[in-house]
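Since the structure comes first, as structure tokens, the remarks are kept for the end.
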Amino acid sequence: MCEMRVWKECVMTNLLFIADVIGSPGREVLRALLPELKRRHDVNLTICNCENSAAGFGLTKDVAKDLFDSGCDVLTGGNHLWDKKDAIDYIGEEPRLVRPANLPEGTPGMGARVFKTNTGVHVGVINMLGRVFMKEADCPFRTADAVLERLGKQAKVIFVDFHAETTAEKVALGWHLDGRVSAVVGTHTHVQTADDRVLPGGTAFLCDAGMTGGFDSVIGMDRAAALRRFLTLLPERLQPASGDLRLNAVLVKVDEETGKAVSIQRLQVPLKAEAAREDTRAVRAAGGATTTARLLTGAEPAEAVTIEARLRAHALSEAGFVPKLALVSVGEDPASQVYLRKKGEACAAAGIAVERVAIPAGTTTEEVVRRVKQLGEDPSVHGILVQLPLAPPADGQAVLEAIPPFKDVDGFHPENAGRLAVGLPGFVPATPYGVVRLLQYYEIPLKGKHAVVLGRSHIVGRPVATLLSSKGCDMTVTIGHSASGPELRALAREADVLIAAVGRKHMVTADWVKPGAVVVDVGIHRVPSADGKGKPKLTGDVDFEAVKYVASAITPVPGGVGPMTVAMVVLNTIIAAERQCAMVRA
Ligand code: NDP
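Under the numbering used here, the first residue of the sequence shown is numbered 364, with each subsequent residue one higher.
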């Protein structure tokens with residue numbers, strides 16, 4: 364459906380789910396943080412699990428009013444929902460409350476209801492109990508099937524709060540409902556899990572959303588009393604804890620036309636942590652918020668690329684063809700030595716042979732070109748990478764042009780740049796290729812979104828802009844550079860995805876970023892240690908500590924784009940070897 368409306372964006376419904384609110388400390392956090400969260404994430408419907416909201420056990424009418432007054436639209440329950448006996452009638456009558464659906468007939472209240480968002484979209488909400496290590500309930504899988512028969516006709520967007528004890532049961536329900544509901548989010552265990560993902564059918568899934576309340580505790584309750592209970596096995600009354608107050612929640616973006624989720628984001632928001640206050644002071648001044656962005660680290664997607672490369676290298680060596688990369692440097696630039704070592708190690712780990720060609724500083728361009736041409740003619744070498752910058756007088760551009768385009772695994776040869784520009788197969792520069800693979804790995808929505816690329820170098824800015832605007836990514840792209848002037852900040856603030864590749868330390872501050880944008884920091888800067896004796900620290904073009912409170916997702920430096928660059932060199936070398944292997948065989 365979205366393809367038919369390319370001129371318009373898919374219309375999203377943003378659902379915010381607040382994890383189990385524990386007693387009055389949890390409600391205090393909610394009151395303080397929910398309005399800003401809703402504004403910042405443009406939330407259309409707020410659902411909140413309330414089964415522990417009255418002094419840690421159950422719900423009362425007054426407590427429910429408090430939750431609604433704080434900004435919740437819908438309340439969901441669990442096995443403790445009925446703990447306050449006086450409230451049973453209220454629970455049965457409250458139209459904004461959904462109790463577990465898989466309970467015996469005659470249980471007051473309803474297990475599934477349809478609500479309207481602030482934009483008029485119908486959203487079905489289902490609450491269910493797990494059966495493993497929980498009190499007896501009907502089968503949640505079959506109950507969900509039956510409820511969906513009815514609810515599916517009334518709402519495309521459907522949210523399931525699955526209140527269950529075990530991971531396996533929750534994961535199983537996620538798969539059971541994949542493609543039939545927009546989200547399955549677990550509650551009950553009170554510790555937020557890190558397995559958030561959108562399943563292949565379009566159902567957002569998280570095993571447990573965590574809790575909202577005091578984290579200086581045992582899952583929300585006074586830790587001293589909880590410990591005594593474990594140590595003595597004697598009964599002891601538990602009270603909600605009030606130290607280290609935090610809010611846990613999940614934000615799910617759903618295409619309201621299809622009901623499929625496009626993203627899921629976990630939130631952990633501290634209320635009063637001193638450190639967080641320090642960090643946020645500057646951001647608050649700039650109108651920012653206090654949630655921190657999802658970290659898009661490079662290690663995991665880089666590992667995925669390396670595994671792919673290793674398998675392909677293995678297939679080549681089975682055919683008697685060992686892929687080989689020549690790593691060429693001129694001079695002893697310390698940063699280059701680090702990059703060369705990392706690239707060499709990553710290639711070796713993937714089964715690629717590496718030939719190190721270290722040419723001394725002071726070598727002429729002609730001599731370096733001659734050496735590179737020799738490598739170009741050597742049939743045992745499939746990829747050539749010349750690490751820039753070259754020590755003078757060697758001219759980097761002349762040397763890059765001496766690499767045969769079919770061995771140019773860095774993709775800097777003009778022929779490969781041209782091929783990328785016109786959409787022909789060639790070699791894509793490693794860093795831009797890595798940026799795109801990282802965004803795709805984390806399922807960042809790209810199609811139809813606006814990317815602003817800061818920087819227009821042929822190594823990063825231009826190719827990244829070309830890739831993001833090409834078919835497959837389908838983004839609308841704006842490129843900024845040093846002549847863009849003061850307007851650039853306002854342009855950057857329009858970006859859904861902001862790519863910073865300017866080589867200017869911390870140029871991108873919080874006020875350059877639209878709230879909720881995804882920020883990719885390509886820049887690398889070495890900051891000497893305070894005493895000048897320790898190891899220098901790496902940082903980027905983005906002021907990470909401030910921007911993390913504004914962006915919805917951000918790559919760190921180090922550990923973001925860097926590992927992807929290395930991984931893509933490895934993959935490009937495999938691609939080069941495969942093409943040359945195919946030519947030899949043909
Ligand atoms: P270049 O210096 O070649 O290009 C920088 C670009 O930024 C230029 O287009 C320049 O504009 C633009 N620019 C500079 N200052 C400003 C400004 N004040 N406002 C707007 N635009 C500006 O750098 P690279 O593209 O090679 O690298 C960029 C950064 O990425 C560097 O920090 C580099 O170390 C890092 N890098 C990281 C890699 C990784 O693996 N993570 C790999 C490669 C690079 P103009 O064209 O007008 O001069």
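Quick reminder that beta carbons are idealized off the backbone N, C-alpha and C, glycines included.
In the DSSP assignment, residue 884 is bridged to 863. Residue 871 has its Cβ no nearer than 7 Å to any heavy atom of the ligand NDP.
The stretch 467-478 makes no contact with the stretch 392-403; the number of CB pairs closer than 8 Å stays below 3. The Cβ neighbour count for residue 892, taken over all protein chains shown within 10 Å, is under 16; the residue is labelled exposed. For the 8 Å CB-CB criterion, residue 818 and residue 865 form a contact. Residue 737 counts as exposed, since fewer than 16 other beta carbons sit within 10 angstroms of its beta carbon. Under a 10 Å Cβ-count criterion, residue 897 is classified as exposed, with fewer than 16 other Cβ atoms of the shown protein chains found around its own Cβ. Under the three-state reduction of DSSP output, residue 680 falls in the helix class. Shown here, residue 407 sits in coil according to DSSP, grouped into three states, outside any helix or strand. In this structure, residue 871 sits near residue 855, with a CB-CB distance shorter than 8 Å. In the DSSP assignment, the residues bridged to residue 633 are 609.
Secondary structure in the stretch 801-844: the alpha helix (DSSP H) runs of 4 residues or longer, each lying completely within the stretch, are 824-832 in chain order. The beta-carbon separation of residue 421 and residue 446, rounded to 3 Å, stays under the 8 Å limit for a contact. Taking non-hydrogen atoms of the ligand NDP into account, the C-beta of residue 904 is found less than 7 Å away from one of them. A distance below 8 Å separates the beta carbons of residue 408 and residue 478. In this structure, residue 540 and residue 566 form a Cβ contact; the two beta carbons are roughly 6 Å apart against a cut-off of 8 Å. If you draw a 10 Å sphere on the C-beta of residue 575, you find 16 or more other C-beta atoms in it, and that means buried.
Relative to the ligand NDP, the beta carbon of residue 887 is positioned inside 7 Å of a heavy atom.
Under the 10 Å beta carbon count, residue 413 is surrounded by 16 or more other beta carbons and is classified as buried. For residue 858, there is no enclosing alpha helix (DSSP H), since its DSSP letter is neither H nor E. Contact check for residue 660 and residue 923: beta-carbon distance about 6 Å, within the 8 Å limit, so the pair qualifies.
Within the stretch 511-563, the complete beta strand (DSSP E) segments at least 3 residues long are 520-526 and 546-550, listed from N- to C-terminus. At least 8 Å separates the beta-carbon of residue 863 from that of residue 842. Three or more beta-carbon pairs drawn from the stretch 544-559 and the stretch 519-527 are found closer than 8 Å, and the two stretches are therefore classed as touching. In the three-state reduction of the DSSP assignment, residue 771 falls in the strand class.
In this structure residue 488 is buried. Its beta-carbon is surrounded by 16 or more other beta-carbon atoms within 10 angstroms. Selection 442, 423, 765 and 476 evaluated against residue 451 yields 423 as nearest (Cα-Cα).
In this structure, residue 880 keeps its C-beta atom at 8 Å or more from the C-beta atom of residue 930. The beta carbon of residue 489 sits no closer than 7 Å to any heavy atom of the ligand NDP.
Nearest to residue 536 by alpha-carbon distance, out of 599, 384, 515 and 493, is 493. Cβ-Cβ separation between residue 798 and residue 885: approximately 7 Å, consistent with a contact (criterion under 8 Å). Here residue 455 is near residue 472, since their CB atoms are less than 8 Å apart. Within 7 Å of the C-beta of residue 662 there is not a single heavy atom belonging to the ligand NDP. The alpha-carbon separation between residue 900 and residue 888 amounts to approximately 8 Å. Per DSSP, reduced to three states, the secondary structure at residue 943 is helical.
Counting only runs of at least 4 residues, the stretch 691-757 fully encloses the following alpha helix (DSSP H) elements, listed from N- to C-terminal order: 697-712 and 728-740.
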